[in-house]
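Residue numbers (this note's numbering): 5 to 289.
We put the beta carbon where it would ideally sit given N, CA and C, even for glycine.
Since the model is a prediction, treat every value here as computed from it, not as a measurement.
This report refers to the structure that appears directly beneath it.
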Amino acid sequence: MIRHLSVDQSGTYPFHLQKTLEGRQDFRWRKLPNGSYSGVLDGTLIHIHQSDDRLLYQSTPDADLTTLLASYFRLDDDLDSVYTEIADRDDHIAALIEKYPGVRIMRQPDPWECLVSYICSARATPPRIAHRVETIATQLGRPLTLNAETSHTFPDPQTIIDAGTDRLQQMTLGFDRVPDAITRAAERILDGRLDLLRLAQPDIPYTETVSQLTDLYCVGPKIANCVALFALNKTDAFPVDSRVRNTVKRLYPSLQHSTDDQIIAWAQDLFGPHAGYANQLLYMA
């Protein structure tokens with residue numbers, strides 16, 4: 005069944021599905037030959053495309069995904085207000101907004117999948133990260149089929165533990181430490197030492213969120229900030245990878261010799277609660 009979700013296109017910066025899904029925040033989306041996008045979200049295989057002010061989608065299991073998709077695409081964010089505020093604070097960001105209008109930060113519904121995805125990101129290109137994440141899902145997840153396409157759900161922490169580190173090691177997920185990092189994170193979630201859903205609550209500050217995430221094996225500030233921004237509602241997070249670092253140092257000479265921590269502090273001081281939006285624009289520059 006084809007369903008639709010209306011998106012407000014009346015603002016200065018209308019919603020743009022392609023730019024949002026291709027912004028390399030969530031690695032499980034791929035473009036189909038017919039122009040639609042296919043992805044697995046919260047245990048549901050979705051085919052989606054945009055037609056003016058409507059997002060048209062099919063899913064397996066078939067369901068009304070209005071609430072899920074509205075949350076995922078952060079349709080509750082007032083993008084005009086966000087962009088106006090950060091553009092007024094910085095000319096470079098203002099120019100990037102004009103170059104990449106309509107880009108949104110996504111709110112991924114499964115922080116666990118987001119965490120594992122970014123643990124798999126060490127020294128890897130986005131296509132390679134996507135391949136690693138898809139490999140885990142294909143080998144350990146449940147199959148879902150829609151319009152003759154089969155994809156898989158992402159395995160939960162218990163499934164990861166049951167599979168074991170050796171099984172993950174066989175998947176070639178990058179550095180030798182990656183499988184161990186994934187299983188250790190799963191163990192911490194299962195024994196209650198890490199509660200990702202609690203960290204996603206708006207009253208939990210950025211500093212506490214990043215502190216708990218960086219306490220995990222092989223999780224540094226970049227991974228922690230990515231998970232905080234894309235899955236834990238911390239829009240003041242500011243991930244610094246090599247791409248963002250190089251762009252910042254190119255556009256802002258005064259930051260040429262700054263450390264990553266100093267760049268994060270600069271961004272949060274300048275852009276406040278919308279630092280994550282500025283980050284995504286700088287990433288795309």
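Please classify V244: does DSSP put it in a helix, a strand, or coil? Along the sequence shown, read from residue 1 onward, the residue named residue 244 stands at position 240. Looking at V244 - three-state DSSP - the assignment turns out to be coil, as it is neither helix nor strand.
Could you have a look at H96 and say whether DSSP puts it in helix, strand or coil? For the purposes of this step, residue 96 is taken as the residue at position 92 of the sequence shown. The answer is helix: DSSP assigns H96 an H, G or I state.
Helix, strand or coil: how does DSSP classify R7 here? Counting from 1 along the sequence shown, the entry for residue 7 is found at position 3. In this structure, R7 counts as strand in the three-state DSSP scheme.
Can you give me the C-alpha to C-alpha distance between D219 and Y287, rounded to a whole angstrom? Reading the sequence shown from its first residue, position 215 is the one you call residue 219. Reading the sequence shown from its first residue, position 283 is the one you call residue 287. Answer to the nearest angstrom: the Cα atoms are 26 angstroms apart.
Would you call the segment 80–92 and the segment 270–283 in contact, with 3 or more CB pairs under 8 angstroms? yes
Cutting at 6 angstroms between CB atoms, please list the residues of its own chain near L222, excluding the five before and the five after it. Within the sequence shown, numbered from 1, the residue matching residue 222 stands at position 218. It is worth fixing the name first, because residue 222 is Cys in this sequence and not Leu. Here the set comprises R181 and A185.
Using 8 angstroms as the threshold, is the C-beta distance between K253 and T213 below it? Here the question's residue 253 lines up with position 249 in the sequence shown. Here the question's residue 213 lines up with position 209 in the sequence shown. Against a cut-off of 8 angstroms, the Cβ pair of T213 and K253 comes out as no contact.
Contact check, A141 vs T157, beta carbons under 8 angstroms: Here residue 141 corresponds to residue number 137 of the sequence shown, with the count starting at 1. Here residue 157 corresponds to residue number 153 of the sequence shown, with the count starting at 1. Going by C-beta atoms, A141 is nearer than 8 angstroms to T157.
Quick one: residues in its chain with C-beta nearer than 8 angstroms to the C-beta of V292, no 5 flanking neighbours on either side, listed in chain order? Because the chain spans 5 through 289 in this model, residue 292 falls outside it and cannot be assessed.
Taking a contact to mean a Cβ-Cβ separation below 8 angstroms, would you say L298 touches L236 in this structure? Absent from the model: residue 298. The displayed extent of the chain is 5 to 289, so no value can be given.
Ordered along the chain, which non-local residues of its own chain (more than five positions away) have a Cβ less than 8 angstroms from that of Q266? For this step, residue 266 is matched to residue 262 along the sequence shown. L259, listed in sequence order.
Following the continuous beta strand (DSSP E) through G43, name the residue where it begins and the one where it ends. As a working mapping, residue 43 is identified with position 39 in the sequence shown. Its beta strand (DSSP E) spans residues Y41 to L45.
Beta-ladder partner(s) of H51, from DSSP: Counted from its first residue, the sequence shown places residue 51 at position 47. According to DSSP, which records beta bridges pairwise, H51 is partnered with S42 and Q62.
Note down, in chain order, each residue of its chain lying with its Cβ closer than 6 angstroms to the Cβ of Q29, except the 5 sequence neighbours on either side. Counting from 1 along the sequence shown, the entry for residue 29 is found at position 25. Same-chain partners within the cutoff: M110 and F234.
Please state whether DSSP places E26 in a helix, a strand or coil. Within the sequence shown, residue 26 is the residue found at index 22, counting from 1. In this structure, E26 counts as coil in the three-state DSSP scheme.
Going by Cα to Cα distance, which pick from L177, L200, D166 and A126 is closest to E138? The sequence position of residue 138 within the sequence shown is 134, counting from 1. For the residues L177, L200, D166 and A126, the minimum Cα distance to E138 belongs to L177.
Taking 8 angstroms as the cut-off, decide whether the C-beta atoms of M5 and Q54 are in contact. Locating residue 5 in the sequence shown gives position 1, counting from the first residue. Locating residue 54 in the sequence shown gives position 50, counting from the first residue. Result no, Cβ atoms of M5 and Q54 do not sit closer than 8 angstroms.
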